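These protein sequence lines are chains A and B, in that order. Numbering of the first sequence is given in the numbering used here, commencing with residue 3 and proceeding in unit increments. Numbering of the second sequence is given in the numbering used here, commencing with residue 13 and proceeding in unit increments.
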Amino acid sequence: MKPILLQGHERSLTQIKFNAEGDLLFSCSKDHIINVWYSHNGERLGTYDGHNGTVWTVDVDSESKYMISGAADNMLKLWAVATGKCLYTWEFPTAVKRVSFSHDDKQVVCITEQRMGYQSTIRVFNISREGDGKNQSKEPAYIFSPIGSKATVCAFTPVNNVIITGHESGKVALFNVKSGEEVNNNERAHGDAVTDLQLSKDRTYCITSSKDKCARIHDTKTLMVIKTYTTETPLNSAALAPTKPYVLLGGGQEAMSVTTTSLRQGKFETRFWHKVFEEEVGRVKGHFGPINTIAVHPAGTGYASGGEDGFVRMHHFDESYFRAKPYGDVEIDD
Amino acid sequence: MPGTLLDNADDIDYSDIEAKYQVEYDDSLDNTIVVDGVPVIDKGKLEKLLTKLSKEFGKKGVLVKPDEIHMPWDESSGKSKGYAFIDLRSVEDANLALATMNDHPFDARHRFKVNRFTDIENFATLDETYVEPPDEEYVPREHLRAWLTDPQGRDQYVTYRGEEVEIYWHGKPSQSELAHKPEWKDFLYVAWSPLGTCIATIHRQGVRLWGGPSWKHQQRFAHPLVKLIEFSPCEQYIVSWSNEPIVVPEGAQQGPQFFSPEDEGNNLAVWDAKTGDLLRTFSTHDGEAPTSKKQMQWPALKWSPDDKFVGRITPGQMISVYELPSMGLHEKKSIKIEGVVDFEWCPLGDKDKAEAAKERAANGGSASQPQKKLRPNMLAYWTPEVANQPARVTLLNFPGREILRQKNLFNVTECKLYWQNQGDFLCVKVDRHTKTKKSIFCNLEIFRVREKDYPVEVVELKDTVMEFSWEPKGERFALVSSSDPNLGNPGPGITIKTDVSFYQLERAKNDFKLLRTLPNRTSNAIRWSPRGRHVVLATVGSSTKSELEFWDLDFNIEDTGRKEGQTTEWGSGIQLLGTSDHYGVTDVEWDPSGRYLATSASAWTHTLENGYAIWDFRGQEIVKQILDRFKQFIWRPRPPTLLAKEQQRTVRKNLREYSKTFDEEDAAEESNVSAELIAHRKRLVDEWNAWRALRTKEFAEEQKRGPSKKRNEEKEEIEVWLDELIEQIEEEVVE
């Protein structure tokens, strides 16, 4: 499996995301730029210029029409995927840390940072898909600030108006966006900050990664922990592989201590774990810094990882990956 | 209501507190001594005698005033009774008086006999009738070699990590398990005895031995601040060394197992391993200042292979050989050799051992003289060049003390003696310098010890030899040589380039011939498998390289038993089986069976990726454990097999049949384990699938109620359309 090295960023990656078909890969970085790539050959299709600060997060809708991004310049931007034009900009008092589309593409949720006396706030915007898309409402449809530990990641659940959030304390919670009330929570989901949260295709379960060196699968309805994957390094990202019963975990020690440890000890590998048996099945190395973000192709034919080293490595699985049955013939539902 | 409180106060029982704080009056008579053997005098001389007595005691440091001495009188005769009571200031003084004044000659006719007053009382009331001491019930001791009866024939190893020692069984993956986790505290390190019978821990207070199936305490040797220990080859004796001279404090425990005042100042002790008795002590810095910086030779005492003699060298002067078990100097004189630097005993071969055992059986344990045909002990030593005298290597038999063979050498810088482990060959590695003394090269002088007149053969090499090693039970040796300019000035990050060469005895010509040279390596350690044939070359102690190479020297030969009569090409059997890498490796050790190799990175040397790994002889990794603060890994040695030669041969011949049963066992076990695992996995999968089915159903129902999303999904028929497109392209190509 020879990866395609996507060298289009000058600083570390913050998030990468495939569109629904998996032909496009969006990547954002601390160098203020969002790139979009053809996933099959690694060619860069274009960039989205406009942010003036670290772009923390991107998300793309299911039709690959609109893309939403949040950055440290306190802006949330809506882009036309095809033209690269910025359609609308919202401005907040603090940086935008996480954005996510709803399953029907009609809503966007965003988390803003807790800073300068402002609380970490969750806002939900209605996205108008009529016309050229420039006619958006300035005011959020719902706004609330969760009490306690600040939220770091979020996503819509299959239930209308309910979002799932991961928090700095390790808490995972469900919020009703209409009322801003906490519907359900699991205070001890993780022992340290939740760093990533990715949903399954039908959004009925999700995987979270955390600085406590664990990744966990949660039921998005009951927040019950279904599976736990314990590694020996802080994790920055976790992804679910469709069609195959694997999860992909990435991390490495803190960026600040990288220079004092050798590559041998860095543990900068993408780890493949068996989703059901909770056993490590393999590793892919290549990054020479911690892995910040992992995304799996929606068809399960490949994956990409973005690292602190500024590279995105796009892997297409070999045929042996699909043929291999390391645990014999077992039928595992996706 | 304070009144009630006061009333009750009188009723409180204080007796427990009173008992606790009761002042103990010193009414013991321990500080009173009785002195017998005092001259019988009359009243007139009393004062004079008392002054004299107090003076005598004062000389030894026991201060006594004349009026503290009570002398009983026989009123009828008007003379003293010939003894005196003395009240001393303290019990310590009484002890001192007891030690110094007992048997003190007062004058020509009188000797003092000093006793404690309390003892006299005890003696007087002693029951004179003899009472048979009760029979102690016989407690059978555990079998110290119980680990050899393991049904799977597994080997053991010990690991020492942080403050914890663990002993493991090593076998197939399913059979590798913790054997014992002892709770030993505060020790420096652990060591197995050479036949694996017991394990020693080195404590501040001395050495302890543990063994048996329950790992009970077996024996201890009180040598304070001990640093190094060594067992004799047959495990009968132990040598311990400390850098601190022995001090026997006042009132220290005495007995055969403890140091006596005569041992003070020495720092090397020889013990009987079974009884724990101290046999003899030595000082390692005789005649020189104890502060001298010269490195001590270790082992300081060299044992003959049969545990009958132990030799000790006084560099430049002599070799002193002591007989066991008395530890007396053999024939009351040392072997005086001007300038001697080093010596080594010739090891006993398996054959010699078998013959010795037969001999013992024939004699029925009687102490008759062994017959002539038994091979006597032999030792080799060398002396450097002095003035006009050449350097010399000498082969001496013992106890006969006859010189068997002597070889003169010139331009010698340093010699090293390497015996092959069966005592067939002796290789003297001679580092020689050119006339200008600028460069060093190396000669190997190989003595064929089993042949008549001990022929010597010379292998000349151009480079410096860093490491030399005989194949156990074999006729081959391997050496690491180097011509690297960095040799001799080690620095950080410098890995010395080396060449590794194998030599073998050519039967036809009867000399050693080069088998093969492996150039441009970094290997600096040779580890032969204890059964020969396989050898591992390792790069140890380097921060950048840590390669392990697994070689087979008889790759073409099916059965090692049929080595004779080979007609294959010279050196063609050498084959590299595998290479691997253990980062930061510091120790490399074969297991006693020669099937597995253990490598470890010890925290004593560095702190990077400490831990251990076990490989099979082909270099396949079996176990790898990275553990911080990992210090020691040692295989448990095995005693030599009890099977006779013929029995071993039968086993080898029928190996196929034996291996069949083992294969069956393996298969059965594998299926057993995997059945368990499969059941466990099936349960996991079922749980997962059940949960998924539930959620999918719920999700579908949810979707039915909210039909908004349905349309979107229908739109995702794009893939079908894509398929069609591809087919169209194909058609175009055909046209």
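From the three backbone atoms N, C-alpha and C, an ideal C-beta is built for every residue, glycine too. Computed from a predicted structure; not experimentally measured.
Check	Outcome
Under the three-state DSSP convention, the category MET83 of chain B falls into	coil
Same chain, Cβ closer than 6 Å to GLU725 of chain B, five either side skipped, listed in chain order	At GLU725 of chain B the pLDDT is 46, less than 50, meaning the model places this residue with poor confidence; the figure from the coordinates comes in the next sentence. None.
Contact between the stretch 649-663 of chain B and the stretch 676-683 of chain B (3+ Cβ pairs under 8 Å)	no
Integer-rounded CB distance, given that PHE270 of chain B should sit under 8 Å from LEU290 of chain B	7 Å
Meets three-Cβ-pair contact criterion under 8 Å: the stretch 228-241 of chain A and the stretch 266-282 of chain A	yes
Start-end ranges of the alpha helix (DSSP H) lying completely within the stretch 594-647 of chain B, minimum 4 residues	none
C-alpha gap between THR44 of chain B and TYR26 of chain B, whole angstroms	36 Å
Nonlocal neighbours in the same chain, by C-beta distance under 6 Å from GLY183 of chain B, ignoring five residues either side	GLN164 and ARG166
Segments assigned beta strand (DSSP E), at least 3 residues, entirely inside the stretch 199-272 of chain A	207-212, 216-221, 227-232, 237-242 and 248-253
is_contact[ASP204 of chain A, chain B] using C-beta, thresh 8 Å	yes
Short Cβ contact (8 Å threshold) for LEU8 of chain A with MET316 of chain A	yes
Sequence-distant residues of its chain with Cβ nearer than 6 Å to SER612 of chain B (five each side left out)	ASP599, TYR624 and PHE645
Cβ-based contacts, 8 Å cut-off: residues of the stretch 302-332 of chain A near chain B	TYR329, GLY330 and VAL332
Cβ-Cβ distance between LYS125 of chain B and ASP28 of chain B below 8 Å	no
N-terminal and C-terminal residue of the beta strand (DSSP E) that HIS342 of chain B is part of	Careful: HIS342 of chain B lies outside any beta strand (DSSP E) and carries neither H nor E.
Sequence-distant residues of its chain with Cβ nearer than 6 Å to VAL635 of chain B (five each side left out)	ILE626
Residues near GLY606 of chain B by beta carbon distance below 6 Å, same chain, minus five either side	SER541, PRO542 and ARG543
Bridge partners - LEU8 of chain A, DSSP secondary structure assignment	A:VAL314
Integer-rounded CB distance, given that ASN188 of chain A should sit under 8 Å from ALA173 of chain A	One point to set straight first is that residue 173 of chain A is Lys, not Ala, in the sequence displayed. Right, the Cβ-Cβ distance comes to about 7 Å (below 8 Å), so this counts as a contact.
7 Å CB neighbourhood of LYS136 of chain A in its chain, flanking five on each side removed	LEU89 and TYR90
Euclidean distance between Cα positions of GLU414 of chain B and LEU408 of chain B	6 Å
Residues of its chain near ARG101 of chain B, where Cβ-Cβ distance is below 8 Å and the 5 sequence neighbours each way are ignored	ASN43 and LEU75
For LEU47 of chain A, the first and last residue of its enclosing beta strand (DSSP E)	46-50
Inside the stretch 29-109 of chain A only - beta strand (DSSP E) runs reaching at least 3 residues	36-40, 46-50, 57-62, 68-73, 77-82, 88-93 and 98-103
Residues near ILE53 of chain B by beta carbon distance below 8 Å, same chain, minus five either side	LEU61, LYS91 and SER92
Beta carbon of SER451 of chain B nearer than 8 Å to that of ASP475 of chain B	no
CB of ASN279 of chain B within 8 Å of CB of PHE321 of chain B, strictly	no
Whole-angstrom distance between GLU274 of chain B and GLU68 of chain B, CA atom to CA atom	26 Å
Under 7 Å by beta carbon: chain B residues contacting PRO244 of chain A	Within 7 Å Cβ-Cβ: nothing; PRO244 of chain A doesn't reach chain B, min ~13 Å.
Nearest-angstrom beta carbon gap, TRP81 of chain A and LYS140 of chain A [assumed within contact, 8 Å]	Not confirmed; about 17 Å, so no contact.
Counted within 10 angstroms of its Cβ, other Cβ atoms place SER535 of chain B as buried (16 or more) or exposed	buried
GLU667 of chain B burial status per 10 Å Cβ neighbour count (16 or more: buried)	Before going further, note that residue 667 of chain B is Leu rather than Glu in the sequence given. Exposed.
Backbone CA spacing between HIS692 of chain B and SER322 of chain A [nearest angstrom]	26 Å
Where ASP335 of chain A meets chain B, residues with beta-carbon distance less than 8 Å	TRP700, ASN701, ARG704, ALA705 and THR708
Interface flag, PRO160 of chain A vs chain B, CB-CB below 8 Å	yes
Sequence-distant residues of its chain with Cβ nearer than 7 Å to GLU154 of chain B (five each side left out)	GLY224, PRO225, SER226 and LYS228
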